[in-house]
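Undergrad: Once you've had a glance at the structure underneath, I'll fire off some questions.
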Amino acid sequence: MHKRLIRTLWTRGLIYGLVVSIPFFAYAACMFYGAYLLSNGEIDYENVLKVSEALVLGTIMVGQLVVFGPSMVKAQLSATKILQLLKRQPLIYSPAKTFNTKWKTSGNIAFHQVKFVHPSIPFLPSLKNFSLQVKQSQIVALVGSIGAGQSVPIQLLLRFYTPTAGCVLLDDHDVGAVNLVSLRIQMGLVDGDPIFFHRSIADNIAYGITFREVKMNEILGAAKQANVHNYITTLPEGYATLVIPEDLKMTYGQKFRLSLARALLRDPPILLIENLQSAEDNDTEIIVEEAMREACMGRTCIIVSNYLKSAIRNADVICVLRKGTVVEEGSHKDLMEARGLYYRMYCKQEHLQRKTDSQIYMNTILAQDNSQITE
1 MHKRLIRTLW TRGLIYGLVV SIPFFAYAAC MFYGAYLLSN GEIDYENVLK
51 VSEALVLGTI MVGQLVVFGP SMVKAQLSAT KILQLLKRQP LIYSPAKTFN
101 TKWKTSGNIA FHQVKFVHPS IPFLPSLKNF SLQVKQSQIV ALVGSIGAGQ
151 SVPIQLLLRF YTPTAGCVLL DDHDVGAVNL VSLRIQMGLV DGDPIFFHRS
201 IADNIAYGIT FREVKMNEIL GAAKQANVHN YITTLPEGYA TLVIPEDLKM
251 TYGQKFRLSL ARALLRDPPI LLIENLQSAE DNDTEIIVEE AMREACMGRT
301 CIIVSNYLKS AIRNADVICV LRKGTVVEEG SHKDLMEARG LYYRMYCKQE
351 HLQRKTDSQI YMNTILAQDN SQITE
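Sequential numbering from 1 applies to the sequence shown in UniProt numbering.
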């Protein structure tokens, strides 16, 4: 095996050396014969140079073709695979090539007997017989423990996935029959863990709007509505401050409000808030809740969370899921009186919150006592 490899390398080296040396031999032969013709007066010097240059360039091209011939075969195979990938039809198919930027939904959403099986977990349905009516300007909260499937309805509404069974309607239109851009332009998605890019704060807020020019006063308005304007003005360069994703020194509340401003810039009829978490302190919690209350006014809003915050408790309808199935539905008051899963989740979180608050209070007292002793 080793000897065969050595022999192959020697052969390739000899061929490469021969191919590289051919232009030089050709140039030498051309000059030698040209000199002979010049001495006999059969050709002039200008034509000798023309012929020699043409011959040298031609032999170089032939030599490169020989050297890179095997690579061309590999490149052709790779190009075929790439072209097949580009021609592949996406699973989430958009029915029309054009979209209507003037169309605006009223915000009525309906899920009818929806079943969804995630491609990566085919043996466990994420949703089973899920039905829900969301009326115009209504705030609906989807809650449950981790893995209960409360985030799936938003993913189906945005057509990140297609339901395995059942249908999702927007203003009595199946979302699968609506152009993707026309559909998604109607919604603003606020992620609890948003992605930011190596651009300015203003560019990050305006990210995603490609169908029109975004003016600075629009960005300012969205930031003020999301209660993040005051924070941005404290930054060294304000809205021109560069965001570095690898070294993002922002709290959850700041990131959430920037994501909210990005969504509000679209002025969407539907607001989708996913992975809503608890803020780092009570003051930030109040600021975030005020921003959400302002943002949800006059819009259909779906909030997904594992934490039963005041934004969840104040929702018009709370839908409790367990293992992809709706087990309870109603207002906060109704669900607390029912003393079911929602009641148990609420009591557990309240107990943990009181325990955390007590621990913080005790740590503060101990720190004050230690400082007095030191003095």
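Ideal Cβ placement from N, Cα and C applies to all residues, glycine included.
So, at 6 Å on beta carbons, what are the nonlocal neighbours of M187 in its own chain, with the 5 sequence-adjacent residues on each side left out?
TA: Position 187 of the sequence shown holds residue 187. Once the five neighbours on either side are set aside, the close Cβ partners of M187 are P268, I270, L272.
Undergrad: On the criterion of 16 or more Cβ atoms from any shown chain inside 10 Å, does M292 qualify as buried, or is it exposed?
TA: Taking the first residue of the sequence shown as 1, we reach residue 292 at position 292. Looking at its Cβ environment, which holds 16 or more other Cβ atoms inside 10 Å, M292 is buried.
Undergrad: When DSSP labels each residue in this structure, what does T162 get in the three-state scheme?
TA: Your numbering for residue 162 matches position 162 in the sequence shown. The answer is coil: DSSP assigns T162 none of H, G, I, E or B.
Undergrad: Anyone know if the C-beta pair for L127 and V168 falls short of 8 Å?
TA: Walking along the sequence shown from the start, residue 127 turns up at place 127. Walking along the sequence shown from the start, residue 168 turns up at place 168. No. Outside cutoff.
Undergrad: Report the residue ranges of all beta strand (DSSP E) runs contained in full by the stretch 53–141; include only those spanning at least 3 residues, in chain order.
TA: Runs found: 109–117, 125–134.
Undergrad: Determine the extent of the alpha helix (DSSP H) in which E218 is found, giving its start and end residues.
TA: Locating residue 218 in the sequence shown gives position 218, where the first residue counts as 1. That run of the alpha helix (DSSP H) goes 216–225.
Undergrad: Suppose the cutoff is 7 Å on Cβ atoms and the five residues either side in sequence are ignored; what does the same chain contact list for Q277 look like?
TA: Working through the sequence shown from its first residue, we reach residue 277 at position 277. Only G192, Y252, Y307 meet the Cβ criterion.
Undergrad: How is the alpha helix (DSSP H) around D334 delimited, first residue to last?
TA: Within the sequence shown, the letter at position 334 stands for residue 334. Start and end: 332–338.
Undergrad: Determine the burial state of Y361: buried for a count of at least 16 other Cβ atoms within 10 Å of its Cβ, exposed for fewer.
TA: To locate residue 361, count along the sequence shown from 1; it is residue 361. Residue confidence for Y361 is low, a pLDDT of 46 falling below 50, so the modelled location carries little weight and cannot support an answer.
Undergrad: For M187, name the three-state secondary structure that DSSP assigns.
TA: As a working mapping, residue 187 is identified with position 187 in the sequence shown. In the structure shown, M187 sits in a strand (DSSP, three-state: E or B).
Undergrad: Any contact of the stretch 158–167 with the stretch 239–250, i.e. 3+ C-beta pairs under 8 Å?
TA: Output reads no: the stretch 239–250 does not touch the stretch 158–167.
Undergrad: Of the residues Y93, I146, L235, A240, which one's Cα is nearest the Cα of A177?
TA: Sequence index remark: in the sequence shown, residue 177 carries index 177 (1-based). Closest by alpha carbon: Y93.
Undergrad: With the cut-off set at 8 Å, would you say T300 and V134 are in Cβ contact?
TA: Locating residue 300 in the sequence shown gives position 300, where the first residue counts as 1. Locating residue 134 in the sequence shown gives position 134, where the first residue counts as 1. Result yes, Cβ atoms of T300 and V134 sit closer than 8 Å.
Undergrad: Taking L132 and F111 to be in contact with their CB atoms under 8 Å, please state how far apart those CB atoms are, rounded to whole angstroms.
TA: Taking the sequence shown and counting its residues from 1, one reaches residue 132 at position 132. Taking the sequence shown and counting its residues from 1, one reaches residue 111 at position 111. Correct: roughly 5 Å between the Cβ atoms.
Undergrad: Quick one: what's got a C-beta closer than 8 Å to I121's C-beta in the same chain, skipping five residues either side?
TA: For this step, residue 121 is matched to residue 121 along the sequence shown. Once the five neighbours on either side are set aside, I121 has no close Cβ partner at all.
Undergrad: Measure from the alpha carbon of V181 to the alpha carbon of each residue in I209, F196, N204, F197, then state which is nearest.
TA: Residue numbering aside, residue 181 sits at position 181 when the sequence shown is read from its first letter. Here the closest residue by C-alpha is I209.
Undergrad: Restricting to runs no shorter than 4 residues, where is the alpha helix (DSSP H) found entirely within the stretch 241–309?
TA: Counting only runs of 4 or more, we get 252–264, 282–296.
Undergrad: If the criterion is Cβ atoms closer than 8 Å, does the pair A26 and T59 meet it?
TA: Locating residue 26 in the sequence shown gives position 26, counting from the first residue. Locating residue 59 in the sequence shown gives position 59, counting from the first residue. Yes, the Cβ-Cβ distance between A26 and T59 is below 8 Å.
Undergrad: Is N108 close to the ligand MN? I mean its beta-carbon at under 7 Å from any heavy atom of the ligand.
TA: Looking for the ligand MN in the displayed structure turns up nothing, as the structure carries no ligands at all.
Undergrad: Quick check on Y342: buried or exposed, where buried means 16 or more other Cβ atoms within 10 Å of its Cβ?
TA: If you number the sequence shown from 1, residue 342 lands on position 342. By the 10 Å Cβ count, Y342 comes out buried.
Undergrad: Which word fits residue 380, buried or exposed, when buried means at least 16 other C-beta atoms lie within 10 angstroms of its C-beta?
TA: Outside the displayed range of the chain (1 to 375) lies residue 380, so it cannot be described from this structure.
Undergrad: Just to confirm my understanding: we take H229, look at its own chain, exclude 5 residues before and 5 after, and list those with CB closer than 8 Å. What are they?
TA: As a working note, residue 229 is residue 229 in the sequence shown. Here the set comprises L220, A223.
Undergrad: Go through its chain and collect everything with a Cβ distance to residue 376's Cβ below 7 Å, but skip five positions before and after it.
TA: Since the displayed the chain opens at 1 and closes at 375, residue 376 lies outside it and no answer follows.
Undergrad: Which residue comes first and which comes last in the alpha helix (DSSP H) that contains I201?
TA: Along the sequence shown, one-based indexing puts residue 201 at 201. Unbroken alpha helix (DSSP H) run through I201: 201–206.
Undergrad: If you drop the 5 nearest sequence neighbours on each side, which residues of the same chain put their C-beta closer than 7 Å to that of P23?
TA: Against the sequence shown, residue 23 aligns to sequence position 23. Correct list, in chain order: V56, T59, I60, G63.
Undergrad: Mapping the DSSP letters down to three states, classify I43 as helix, strand or coil.
TA: The sequence position of residue 43 within the sequence shown is 43, counting from 1. I43 falls in the coil class under three-state DSSP.
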